[in-house]
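Below: one structure, written as structure tokens.
Number of protein chains: 2
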Amino acid sequence: MGRRGRKKGADGEKRRRLLLQAAATEFALHGYHETKISMIVEKANVTQPSFYLYFQSKEAIFQELVDMFQQQLIMFIKQSLLEEGLEKHTLEGEITERITRIFTFFQEQPQLTRIGFYMANESKVIKNQIAILIEQNLLEEQRNGYFRSDTDMHTVAESLVGIIERLTKTRLLNGLSKPEKLANEIVRLLLYGLKNET
Amino acid sequence: MGRRGRKKGADGEKRRRLLLQAAATEFALHGYHETKISMIVEKANVTQPSFYLYFQSKEAIFQELVDMFQQQLIMFIKQSLLEEGLEKHTLEGEITERITRIFTFFQEQPQLTRIGFYMANESKVIKNQIAILIEQNLLEEQRNGYFRSDTDMHTVAESLVGIIERLTKTRLLNGLSKPEKLANEIVRLLLYGLKNET
DNA sequence: ATATTATATTACTAATGAGTATTATATTTT
DNA sequence: AAAATATAATACTCATTAGTAATATAATAT
């Protein structure tokens, strides 16, 4: 029978992180509704009332994970845009680079990605934001004459998001493909198409 | 205070269909967990015990809707493959036709599509099946020399499913785009790519 | 007409699982 | 050292909601 009261060396911040990590694992694996508080606290070796020392509710801890994903993604994209200015690649190389980076981020944060990109209510908004960003980039290139002028870049941007969404789920997050390879294939497809020139 | 017992003109089959319809609406709108039996029976003007005359459980009625989607989709695709043999279009026209039909099916069954294609556990399997079908078609065309031989058709098929998935959600199911237009844009993009020939 | 079957409701049970009241021990501050 | 604060567990409450028992009325079969 476990004694109650504060433990030696107890550290709130540490336990909080532990709970967040456990929650990320469980949510990513089972989804929001199928994940019970009892599963999270068990994984973290913490009792249920302790959970409520650190988080207001189940909603709250889930939302915190979603926010982490969203913030890290935004930071990542901003930084990515800055770095790009440095060296000029070919158009193809530049686009490939951008997409590779997104895949790399997802690969490095598989649990948060599952939660923030696929399960959260905010997923919709997040994907829309990415779509808008991509569309702006595409329109810029189109204005510069790199792309056909009769193509609706809105549809292209949405398509690209759809491709990223699906390939991330079916090939990236389970280790079947690497970011570079996926990005290369996608870009070649979108730039040159399937049709044989012969 | 409502009287109990059988009502005049009561018809079980009719009520069953009514409940299915109500459930489809509610599930499509709120998802599985957020939809309560109470919401379904309220919408169908039926009391809760009556619900259990027709369905074993909440799971069961949801599964029945998923099965409806899956069966109708399979039937639809089979029929679609038969009709295709009749007249020979151009390659582009034929592919566009196939994709248009899928979009049309989704448009005609928006609720079942939301449920079976986006919410169900089976969604994953269903999408995989479609991806496999598409891949086989693409490989056939590739063997016939219509497509580049250095392209991985698995990735292309997955990409196409991703595109269909996203555009269906963001543009088709809310009436923003029509099947033909979407299919046309996608096929042109995938066949010829974005790159300006100049 | 009577028995049976199908359809319905009222009023309930019961399981699940989120969240809390109370109390106890360690750490930090004064 | 005493008081205050942070961290912990035991043993609960309570709301929600899926599902049921008991009973009543209409339709159909015998």
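First to last, the protein sequences are chains H and F. With numbering that gives the first Met the number 0, letter number 97 in the first sequence gets 96, and the count goes up by one each step, no holes. With numbering that gives the first Met the number 0, letter number 141 in the second sequence gets 140, and the count goes up by one each step, no holes. Glycine included, every Cβ here is placed at the ideal spot set by N, Cα and C. Bear in mind the structure is a predicted one, so any value in this text is a computation, not a measurement.
Straight-line gap, residue i to residue j (C-alpha atoms, nearest Å)
i: H/D151; j: F/E107; result: 25 Å
i: H/I114; j: H/F26; result: 7 Å
i: F/P109; j: H/S148; result: 33 Å
i: F/M193; j: H/N136; result: Reading off the sequence, residue 193 of chain F comes out as Leu, not Met. Taking the straight line joining both Cα atoms gives about 13 Å.
i: H/S56; j: F/T46; result: 33 Å
i: H/L64; j: F/I163; result: 29 Å
i: F/N173; j: H/L52; result: 43 Å
i: F/K123; j: F/N195; result: 36 Å
i: F/L132; j: F/V160; result: 11 Å
i: H/Q71; j: F/F54; result: 45 Å
i: F/L111; j: F/I36; result: 18 Å
i: H/E139; j: H/V155; result: 13 Å
i: H/L28; j: H/F105; result: 16 Å
i: H/P178; j: H/T103; result: 6 Å
i: F/H88; j: F/P48; result: 55 Å
i: H/R165; j: H/K6; result: 46 Å
i: F/L90; j: F/D66; result: 33 Å
i: H/G92; j: H/D10; result: 48 Å
i: H/H32; j: H/E58; result: 10 Å
i: H/L189; j: F/L189; result: 6 Å
i: H/A182; j: H/G4; result: 53 Å
i: H/K180; j: F/E157; result: 14 Å
Residues that residue i bridges to, as DSSP identifies them
i: H/K194; result: F/F146
Contact set between residue i and chain F, taken where Cβ atoms lie within less than 9 Å
i: H/Q191; result: Here residue 191 of chain H is Tyr; the residue named in the question, Gln, does not match the sequence. Those within 9 Å of H/Y191 in chain F are R147, Y191, G192, L193, K194.
Chain-ordered chain H contacts of residue i [CB-CB under 8 Å]
i: F/D41; result: One point to set straight first is that residue 41 of chain F is Glu, not Asp, in the sequence displayed. Those do not exist, as F/E41 stays about 22 Å from chain H at its closest Cβ, beyond 8 Å.
i: F/I185; result: T154, S158
Closer than 9 Å at the beta carbon, the chain H residues around residue i
i: F/I36; result: Going along chain H, no residue has its Cβ under 9 Å from F/I36, so there is no contact; the nearest lies around 16 Å.
Proximal chain H residues relative to residue i, where beta-carbon distance stays under 7 Å
i: F/T169; result: E157
i: F/G161; result: G161, I162, E164, R165, L166
i: F/A151; result: First, the amino acid is wrong: residue 151 of chain F is Asp here, not Ala. By Cβ distance, chain H contributes E184.
Contacting residues, own chain, Cβ-Cβ under 7 Å from residue i (five flanking each side not counted)
i: F/Q69; result: G115, E121, I125
i: H/G30; result: M118
i: H/H153; result: E134
i: F/R100; result: S79
i: F/Q128; result: none
i: F/E198; result: Only positions 0 to 197 of chain F appear in the structure, and residue 198 of chain F is not among them; the question remains open.
i: F/Q141; result: S148, M152
Within chain F, partners of residue i - CB distance below 8 Å
i: H/L188; result: T150, T154, V155, S158, L189, G192
Same chain, Cβ closer than 6 Å to residue i, neighbours up to 5 away in sequence not counted
i: H/S176; result: R170
i: F/R97; result: none
i: H/I76; result: none
i: H/I39; result: A21, A22, E25
i: H/I94; result: V186
i: H/K13; result: none
8 Å Cβ shell around residue i - same chain, five flanking residues per side excluded
i: H/K168; result: Y117
i: F/L18; result: I39, V40, A43, V45, F50, Y53, F54, I60
Using a Cβ-Cβ cut-off of less than 7 Å, give me the residues of the segment 127-138 of chain F that come near chain H, in sequence order.
So nothing in the stretch comes that close.
Give me the subset of the segment 21-34 of chain F whose CB atoms are less than 7 Å from a CB atom of chain H, sorted by chain position.
Answer set for the segment 21-34 of chain F: H32.
For the segment 102-119 of chain F, list every residue whose C-beta sits within 7 Å of some C-beta in chain H, in sequence order.
For the segment 102-119 of chain F, no residue has a beta-carbon sitting nearer than 7 Å to a beta-carbon of chain H.
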